[in-house]
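One rule links them: number in the working numbering = place in the sequence shown (from 1) + 2.
Note that beta-carbon positions come from the ideal geometry of N, C-alpha and C, so glycine has one too.
Only a predicted model underlies this, so the values are computations on that prediction, with no experimental measurement involved.
First up is the structure itself, then whatever we jot down about it.
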Amino acid sequence: MKIVDVRIDESVLPKKDKDWKFALAANPATEGWIVTIRCEDGSVGYGYASTMNHYGAPHEAVKGALDRLCKRLIGRDSREIASILDDLDQAMHGNNQAKSGIDCALHDLRARQLGVPLCDLFGGPAVREFATLRILPIKSPSDMAKNARALADKGVRHFKIKVHGEVEEDVERVRAIRTELGPDAHLTIDANQSYAAKDAIRALNLMAPYRIDLAEQPVEVKDLAGLKAVTQAVPITVEADEAAYSLDQVTILVRERIVDAISLKITKLGGLRKTFAAAQICDAGGVRYRMGAHVGPMLLAAHAMHLAAALPGIWYASELSEFDGLAEDPWEGLKLVDGVLHLSDAVGCGVTPKPAAMDSRRKSA
């Protein structure tokens, strides 16, 4: 089971919405790197390393980290996942996005070698169907309401409203979307750190009558005191996202009871193993958790879904189907029906490159 080759391919995938933006940036395309690990027996595993500027992981920096880390994989026994990942942590501090791509590829490889679904490596599925929470990027209140209606007509019932720190306008976004969707839709908001603590408290209290289930990362990452103050002052569940960027940080958030919930992402935490560990920390500390926005191709969603399947403690809808917002996805294998993602018994992460994508990779080899 010796690793004989590791390939890193660029992945730049335009979104259907060319004006997609959130509080920190505009993102007309999803960027990242595909990690392909091949063993001497011909077995192959795939992972996706996200480019995430707002986590300090720009595109070329992630590639540089992958180049250095992947060299250390050649000749290693692919079954020794824990040992390999520990070696990578010793060799390079941080760079969780690059490490996540490698971690996922190693787990995908091992599951395919064993002929089992990836979730079996984490105890097997406790959940097989996942109601998806879809993102509504920042636009005018009326345009966001129209976009929410289009998603609702496709079966989506959970919505994440991106806001940007202007209290009155953000409240109007929430009002317009609730009016359009009616009382049965589940609404959350995500400020991506754009509020000061006092403004966040004011905004969320004004939004509360519109039945907001969850408020994600209302204040800056560094303002943990402000984050805790918001949590204590509003009737809405407050969730940390950008502030939960490592296992150490998750431990602090849970131990100090700074938030009600934590958004877990395999990309920001460094892969499946560490995200599984973060969930155990949340469970032990009595803090809610779910799988946050895995924005990327179907490959990334597949890894996140398999981990989610092995986490019965997830309390709310997860963000596992943003691949549906891509103009074209080079991966196939996931089943999304009426806003619900379904786990299959396919081996590994359950997705493979489309034939055209495979042809393109062979030509560039």
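The beta strand (DSSP E) runs lying completely inside the stretch 147-225 and spanning 3 residues or more are 160-164, 188-192, 214-218, given in chain order.
Put simply, the backbone Cα of His166 is about 8 Å away from that of Leu26. Burial state of Val339 is exposed, judged by a 10 Å Cβ sphere holding fewer than 16 other Cβ atoms. Here the alpha carbons of Gly66 and Ser45 stand approximately 25 Å from one another.
Nearest in C-alpha terms to Pro357, of all of Arg74, Asp91, Pro332, Ala348, is Pro332. Relative to Gly327, the option among Asp11, Met307, Asp19 whose CA is nearest is Asp19.
The Cβ atoms of Ala281 and Ile238 do not sit closer than 8 Å to each other. Note on geometry: alpha-carbon atoms of Ile264 and Ala246 lie some 7 Å from one another. In this structure the stretch 132-140 lies against the stretch 314-321, because at least three pairs of beta carbons, one per stretch, are closer than 8 Å.
The three-state secondary structure of Arg40, taken from DSSP, is strand. Scanning the stretch 17-73 from its first residue to its last, the whole beta strand (DSSP E) runs of 3-plus residues come out as 31-41, 46-52. Residue pairing of Val8 in beta bridges, as defined by DSSP: Ile39. Judged by DSSP in its simplified three-state form, Leu328 adopts strand.
When secondary structure is reduced to three states using DSSP, Ile264 falls in the strand class.
Around the CB of Ile36, 16 or more other CB atoms lie within 10 Å, so the residue is classed as buried. Secondary structure note for Arg78: it is in no alpha helix (DSSP H), with a DSSP letter that is neither H nor E.
Residue range 274-287 is occupied by the alpha helix (DSSP H) that includes Lys276.
The beta carbon of Leu313 lies closer than 6 Å to those of Ala281 in the same chain, with the five residues before and after it left out.
Taking C-beta atoms under 8 Å as the contact rule, Leu255 and Ala242 qualify, at a distance of about 5 Å. Annotation for Ala311: Cys121, Pro127, Ala128, Val129, Arg130, Leu345 place their beta carbon closer than 7 Å to its own, counting only its chain and skipping 5 residues before and after.
Excluding residues up to 5 positions away in sequence, Gln99 lie with their Cβ nearer than 6 Å to the Cβ of Ala59 in the same chain. Pairing Gly287 with Leu336, the inter-Cα distance amounts to about 33 Å.
Across the set Met3, Ile268, Gly272, the C-alpha of Met3 shows the shortest separation from the C-alpha of Gln115.
Listed in chain order, the non-local C-beta contacts of Arg81 below 7 Å within the same chain comprise Met3, Arg112, local neighbours out to five positions each way being set aside. With fewer than 16 other CB atoms across the displayed protein chains lying within 10 angstroms of its CB, His95 is exposed. CA-CA distance, Lys101 to Glu33, rounds to 16 Å. Under DSSP, Pro299 shares a beta bridge with no residue.
One Cα belongs to Asp7, the other to Asp192, and the distance between them is close to 40 Å. In the three-state reduction of the DSSP assignment, Lys337 falls in the strand class. For the set Arg290, Lys276, Glu330, the Cα lying nearest the Cα of Leu309 is the one of Lys276.
Remark: C-beta atoms of Gly77 and Ile5 approach each other more closely than 8 Å. Sixteen is the threshold: since fewer than 16 other Cβ atoms of the shown chains lie within 10 Å of the Cβ of Ala329, the residue is exposed.
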